[in-house]
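A.B. asks:
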Amino acid sequence: MSQVIELLRSGEYRTKLDQCIHCGLCLQSCPTYDVFGTEMDSPRGRIALMRAVSDGRLTDEQIDGAFATHITRCLACRACETACPSGVQYGALLEPARELVEHRRAPSRAERVLRWFGLQQLMPYRGRLKLLAAALWLYQALGLQWLIRRLDILPSHLKAMEAIIPPLTPRYLDYRAPAPALGPARGRVAFVTGCIQEAFLAPVNQATVRVLRRNGYEVITPAAQTCCGAAHTHVGDVEAARNLARRNIDAFLAEDVVAIIVNAGGCGLALKEYPHLLAGDPRYADQARRFAAKVRDVNEFLADNLHRPPHGELRARATYVDSCHLRHGQRVSRQPRDLLRAVPGLELVEVRQPDRCCGSAGVYNIAQPDIAGQVLDAKMADVAATGATLVITTNTGCHMQLVAGVRKAGLKAQVMHVVEVLDESYRREQGRP
Ligand code: SF4
Ligand code: SF4
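The sequence shown begins at 0 in numbering that gives the first Met the number 0 and counts up one residue at a time.
1. Which value, in whole angstroms, describes the spacing of the CA atoms of L130 and S9?
2. Using C-beta distances below 6 Å, list every residue in its chain close to T232, excluding the 5 sequence neighbours before and after it, in chain order.
3. In the DSSP assignment, find the unbroken alpha helix (DSSP H) run with A159 in it and report its ends.
4. Which residue marks the beginning of the alpha helix (DSSP H) containing L118, and which one marks its end?
5. State the DSSP-derived secondary structure class of T37, mapped to helix, strand or coil.
6. Excluding the five sequence neighbours on either side, which residues of its own chain have a C-beta within less than 7 Å of the C-beta of A51, listed in chain order?
7. How would you call R282, buried or exposed, if buried means at least 16 neighbouring beta carbons within 10 angstroms?
8. If you count every other CB in all the chains shown that lies within 10 Å of the CB of K15, and 16 or more means buried, which is it?
9. Report all residues from its chain with a CB closer than 7 Å to the CB of V257; omit the five preceding and five following residues, and keep chain order.
10. Would T395 be called buried (16 or more neighbouring beta carbons within 10 Å of its own) or exposed?
11. Please output, in chain order, the residues near ligand 2 using a CB cut-off of less than 6 Å to any non-hydrogen atom of the ligand.
12. Quick check on Q329: does DSSP put it in helix, strand or coil?
13. Which residues bound the alpha helix (DSSP H) around Y425?
14. Helix, strand or coil: how does DSSP classify I259 here?
15. For E94 and G182, I'd like the C-alpha separation in whole angstroms.
16. Considering only residues of the same chain and omitting the five flanking positions on each side of R13, which have a CB-CB separation below 7 Å?
17. Count the other CB atoms within 10 Å of the CB of T168; is the residue buried (16 or more) or exposed (fewer)?
18. Ignoring anything shorter than 3 residues, give me the beta strand (DSSP E) runs that lie fully in the region 286–326, in order along the chain.
19. Excluding the 5 residues preceding and the 5 following V3 in the sequence, name in chain order all residues of the same chain whose CB lies nearer than 8 Å to its CB.
20. Can you find at least 3 beta carbon pairs, one from the region 301–315 and one from the region 343–351, that sit closer than 8 Å?
21. Tell me which residues share the same chain as T38 and place their Cβ nearer than 7 Å to its Cβ, disregarding the 5 neighbours each side in the sequence.
22. Does ligand 1 have even one heavy atom less than 7 Å from the beta-carbon of H327?
23. Return helix, strand or coil for V414, following the three-state DSSP convention.
24. Return the residue from the list Q224, L146, S424, L141 that minimises the CA-CA distance to R510.
25. In the DSSP assignment, the alpha helix (DSSP H) including Y12 goes from what residue to what residue?
26. Give me the Cα-Cα distance between L48 and G90, rounded to the nearest whole angstrom.
27. Note down, in chain order, each residue of its chain lying with its Cβ closer than 7 Å to the Cβ of I365, except the 5 sequence neighbours on either side.
28. Any contact of the region 362–379 with the region 288–301, i.e. 3+ C-beta pairs under 8 Å?
29. What residue from R104, M415, F290 has the CA that sits closest to I260's CA?
30. Would you give the residue range spanned by the alpha helix (DSSP H) that A140 belongs to?
31. Quick one: what's Y216 bridged to in DSSP?
32. Within 10 angstroms of the Cβ of A176, are there 16 or more other Cβ atoms? Answer buried if so, exposed if not.
33. Going straight from the alpha carbon of R406 to that of P165, what length do you get?
34. Alpha carbon to alpha carbon, what distance is there between E110 and C227?
35. Give the single residue among R104, Q334, A178 whose Cα lies nearest to the Cα of T68.
36. In terms of residues, what are the limits of the beta strand (DSSP E) holding L389?
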């Protein structure tokens, strides 16, 4: 813990804090400020709390009290970073603050077991996640999900987890052999399957591979890859995130590819931030930079490399819901919209507040179900106002949260990833609606 305190008191951290000029222009973009209406639940208020810790002005009780409460309530959506005229790197400020809260906390036994199981025993192992997805598919197929939801008997955190299980189809691609390019070959890319994405949203990954192939790319999927570590960083377990990062770097840098493609905004941001995560590791710092330089979000990559535009007509009114980590973290917001506009027949309608989080935010919707529920309600009201029948997004957590949101709001809409829309258009062009 003393290392984290040292980091918060370091000159580098204080320089980052000093970039905040207290103008308050970020307040209106902050979902938790919207929910609570209090300064301490705004970016400016949280930065003031970080400064107080950095100055040594908070007692241990205050750090464990107000500081922990307001830091934990932050979604880490980074909408404040985009809104800030002074270039405050809020994400870089938040990470050690969260680590400090996490190190000082004494989680309950049940939470420790759940975290150990989820973060250490499940997420790094795609095979185990697929077994879980198969069991949950059975739970859905036998009507148990319907019954459990109807009886409404689960405690709040379990209920929050259950609510985001999407309709499951536990059929998976065999990634052992490279998937060859279709048509003129443009190069070779490596594909990041993600952990939850592969187990719970397998059709998105299958569509990603097909769309990349159609655009002339051979797709290889390194078997030794693992979870990106975003969820571990999110809950302050930075050391576990570093270990996963090292494994991914070893797995992907062994391949000769033009790009490392990721289709989940949150995972992509975590991968692009490996140089920051491993800056203090002399063995991996340079490799982390080389790795991150090759990582491209699939929207980013396809917007530059859509060698075969889709021609199949898809008549629908659609809205695109940004992943915060893609929009604010990776600054990728134009590309998915450009790709969707390339689909004949698709009418794209913007939500009123496209920069707003949906409440998924890593594991926030499970850890803070009440606040996440309020943030989701605001997002779904915005989506409903567009009249869209297709809700399109680009991140695992957002996808699952929006499926739950559509059901909760009683909307007649389907949730899809951008690559699924492109894939559908390609299918239709071949006369296969
Ligand atoms: S974070 Fe940026 S926008 Fe918010 S108060 Fe500070 S300087 Fe202003
Ligand atoms: S990251 Fe999101 S929730 Fe946290 S302070 Fe910034 S805008 Fe608010």
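The C-beta atom is built at its ideal place from N, Cα and C for all residues, glycine as well.
From a predicted model like this one, the values you see are computed outputs, not experimental measurements.
C.D. replies: On the basis of the data shown:
1. The straight-line gap separating the alpha-carbon atoms of L130 and S9 is approximately 45 Å.
2. A240
3. 155–162
4. From DSSP, L118 is part of no alpha helix (DSSP H); its letter is neither H nor E.
5. If DSSP states are grouped into helix, strand and coil, T37 belongs with coil.
6. Cβ within range, chain order: L57.
7. exposed
8. buried
9. The residues are G186, R187, V188.
10. buried
11. S28, C29, P30, T31, P42, R45, C73, L74, A75, C76, R77, A78, C79, Y89
12. coil
13. 417–428
14. strand
15. 45 Å
16. S53
17. exposed
18. 294–296, 315–319
19. P95, E98, L99, H102
20. Result yes; three or more Cβ-Cβ pairs closer than 8 Å.
21. The identity of residue 38 in the sequence shown is Glu, whereas the question assumes Thr. Correct list, in chain order: G44.
22. The answer is no for H327.
23. strand
24. The shown model of the chain, from 0 to 432, leaves out residue 510, and the question about it has no answer.
25. 10–17
26. 15 Å
27. H156, A159, M160
28. no
29. For the residues R104, M415, F290, the minimum Cα distance to I260 belongs to F290.
30. 125–140
31. G186
32. exposed
33. 11 Å
34. Spanning the two alpha carbons is a distance of roughly 22 Å.
35. R104
36. 389–392
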